[in-house]
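If you use the working numbering, the sequence shown corresponds to residues 1 to 386, in order.
C-beta atoms are modelled at their ideal positions from N, C-alpha and C, and glycine is treated no differently.
What you are looking at is a predicted structure, and each value in this text was computed from that prediction instead of being measured.
Quick notes on the structure that follows.
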Amino acid sequence: MTPVLESPSPNSAHPQGNVPVEKSAAAKTLRRVKLFVFSPWADRLQDGAEYLRGLPALDVAKRVTKPDDPALVQMARLDCDWHGENIRALGAAATADIEFLPVRAIGKSGLADLMVATKPADEEWWLVLTGQHPQMMVGMIGKVMQLLALQGVRILYYAFDDASRSMPAFSEIARHLDVLIHDEHPLAPSIQSQLRADCVKLHRSWVANLVPFASPFVEAPENKIIFLGSQLGLTVHRQRQIDFLAKKFRDKFTAICDHSLSVAGRTSLSRFQVGFCPEGRKFTTPSMHRTHTDRPFWAGTLGLVPVSENSKLGGRLEELHQAGLILRYPHGDLKALGETCERALECSAEARRRIYEHFNRHETISAVVAAGLKTISHGPEQVVHP
1 MTPVLESPSP NSAHPQGNVP VEKSAAAKTL RRVKLFVFSP WADRLQDGAE YLRGLPALDV
61 AKRVTKPDDP ALVQMARLDC DWHGENIRAL GAAATADIEF LPVRAIGKSG LADLMVATKP
121 ADEEWWLVLT GQHPQMMVGM IGKVMQLLAL QGVRILYYAF DDASRSMPAF SEIARHLDVL
181 IHDEHPLAPS IQSQLRADCV KLHRSWVANL VPFASPFVEA PENKIIFLGS QLGLTVHRQR
241 QIDFLAKKFR DKFTAICDHS LSVAGRTSLS RFQVGFCPEG RKFTTPSMHR THTDRPFWAG
301 TLGLVPVSEN SKLGGRLEEL HQAGLILRYP HGDLKALGET CERALECSAE ARRRIYEHFN
361 RHETISAVVA AGLKTISHGP EQVVHP
């Protein structure tokens with residue numbers, strides 16, 4: 001089951017995804033789309049590139065409950081930068097029939113700016129919400145969405161994990177959504193019944209918040225395995241596997257478990273052959289065992305061979321496994337884990353390049369969001385069933 005890979009968009013490797021193109025009669029008919037990407041670390045509405053330039057200087061300590069706790073401040077910094085990369089990655093959105101205008105960054109206070117902004121008649125404006133951020137604005141977000149609709153702003157919500165069952169604010173926003181991208185199959189019945197009939201629903205999972213092809217493919221990486229996890233997911237089950245790999249592969253195995261990696265350091269992972277990826281942040285809990293993290297997608301996009309446990313039945317990771325784009329092993333089976341990692345270490349450059357090409361073209365947040373917007377026509381909205 002090998003997917004057919006499309007040719008990359010001319011803009012797919014550009015940092016902002018908006019390479020100047022020669023105007024033609026066909027180009028003038030393109031949909032002109034502007035994304036307003038919500039971040040919990042952003043404030044007033046501003047240009048996305050400007051926001052990203054100022055992000056390194058943001059004093060995150062002022063926004064945490066214990067500013068004198070270095071570990072907490074470090075986690076805040078990583079979280080802040082991770083959400084900033086969502087803005088950078090979505091700024092690279094590109095598809096043949098849509099002209100994506102420069103992305104805008106927006107925080108909670110910036111929603112007021114958007115509600116009074118004047119939208120040009122030839123532009124589509126989309127507010128992009130991710131994760132469980134709507135819960136930050138419970139009690140007001142539904143009313144805000146209603147007012148934005150009157151301004152001609154449409155709403156795309158990328159829910160990542162099981163938000164329909166765990167986020168109370170979902171009931172407040174459901175009827176206002178134009179596009180819902182989610183990893184739940186099926187959605188909670190109570191939420192399913194509140195979505196409009198014309199809401200486009202796409203069943204997709206977590207992906208990489210990386211600019212496609214930003215990290216060059218490494219032809220001859222170190223024949224080593226890297227585990228990139230966090231303290232949040234370092235369960236007894238996961239520690240047992242890490243200890244096993246450390247004993248079996250010795251200096252061929254490295255584990256980073258302190259929380260994550262700085263976004264500036266992510267591309268350094270491309271020097272490794274294999275990425276041993278956590279399945280879920282807290283996959284032993286009833287909620288998170290249904291989903292997974294973005295780590296397998298980071299690995300594939302950087303050109304590593306992703307190795308991931310099959311603790312989630314079916315779903316997107318299983319599809320990728322069947323296509324030979326992720327290697328999986330049975331839940332908790334240490335022998336199978338070792339054998340799977342050995343196969344991954346032996347993967348050829350050709351096999352890794354196939355993984356790299358697929359993940360950069362199809363498994364980044366910009367690719368998924370662009371595909372979701374393509375399903376929206378100029379006329380009556382098209383309904384897409386998961």
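Residue span of the beta strand (DSSP E) that contains residue i, given as start and end
| i | result |
| --- | --- |
| L327 | L327 to Y329 |
| W125 | E123 to T130 |
| A255 | F253 to I256 |
| E342 | Taken as a continuous stretch (DSSP letters only), E342 belongs to no beta strand (DSSP E), being part of the alpha helix (DSSP H) at L334 to L345. |
| P306 | V305 to E309 |
| L45 | Careful: L45 lies outside any beta strand (DSSP E) and carries neither H nor E. |
Candidates the options: closest to residue i by CA position
| i | options | result |
| --- | --- | --- |
| K201 | C257, V211 and Y157 | Y157 |
| N209 | Q132, L325 and V263 | V263 |
| S39 | V33, G107, R31 and A76 | G107 |
| S418 | D59, W41, M140 and L111 | Because the chain spans 1 through 386 in this model, residue 418 falls outside it and cannot be assessed. |
| V218 | K34, T267 and F249 | T267 |
| H182 | Y51, A49, S190 and D161 | D161 |
| R196 | H176, F213, V207 and P189 | H176 |
| D43 | V60, A159 and D97 | V60 |
| V369 | D113, A94, G324 and R53 | A94 |
| M387 | I191, Q146 and M145 | With the chain covering 1 to 386 only, the question about residue 387 has no answer from this structure. |
| D294 | F359, D198 and D243 | F359 |
| S270 | L317, A246, D251 and P296 | P296 |
| V144 | D113, Q132, A336 and K119 | D113 |
| F100 | N86, M75, P56 and R31 | R31 |
| L127 | G338, V153, L45 and A89 | V153 |
| A169 | D97, M136, I226 and V37 | M136 |
| P189 | L304, R165 and H203 | R165 |
| A214 | A121, E357, P56 and L327 | E357 |
| I226 | A57, T254, A220 and P120 | T254 |
| K247 | R316, G338 and G275 | G338 |
DSSP three-state assignment for residue i, whether helix, strand or coil
| i | result |
| --- | --- |
| A358 | Correcting the residue type first, residue 358 is His in the shown sequence and not Ala. Looking at H358 - three-state DSSP - the assignment turns out to be helix. |
| W82 | helix |
| E363 | coil |
| S270 | helix |
| G275 | strand |
| K23 | For K23, the predicted structure reports a pLDDT of 45, less than 50, and the residue's modelled location is therefore unreliable. A value from the coordinates is still provided. In this structure, K23 counts as coil in the three-state DSSP scheme. |
| L90 | helix |
| K62 | helix |
| V73 | helix |
| R353 | helix |
| V33 | strand |
| I376 | coil |
| A370 | helix |
Burial state of residue i (16 or more Cβ within 10 Å)
| i | result |
| --- | --- |
| R104 | buried |
| N223 | exposed |
| V179 | buried |
| S193 | exposed |
| L150 | exposed |
| P134 | buried |
| G91 | buried |
| V211 | buried |
| G332 | exposed |
| S230 | buried |
| H321 | buried |
| R63 | exposed |
| S205 | buried |
| G265 | exposed |
| V447 | For the chain, the structure presents residues 1 to 386; residue 447 sits outside this window and is missing. |
| D68 | exposed |
| G110 | buried |
| Q239 | exposed |
| G131 | buried |
| V236 | exposed |
| T340 | buried |
| Q273 | buried |
| H362 | buried |
| V37 | buried |
Terminal residues of the alpha helix (DSSP H) in which residue i lies
| i | result |
| --- | --- |
| A112 | G110 to V116 |
| A105 | From DSSP, A105 is part of no alpha helix (DSSP H) but of the beta strand (DSSP E) over R104 to I106. |
| T301 | R295 to L302 |
| Q322 | G315 to Q322 |
Chain B within 8 Å of residue i, Cβ atoms only
| i | result |
| --- | --- |
| V305 | As a matter of chain content, chain B is missing from the structure shown, which is built from one protein chain. |
Length at least 3, wholly inside the segment 180-250: the beta strand (DSSP E) runs in chain order: 200-203 and 222-228
Please specify which runs of the beta strand (DSSP E), each continuous and at least 3 residues long, are wholly inside the segment 144-173, giving them in chain order. 153-158
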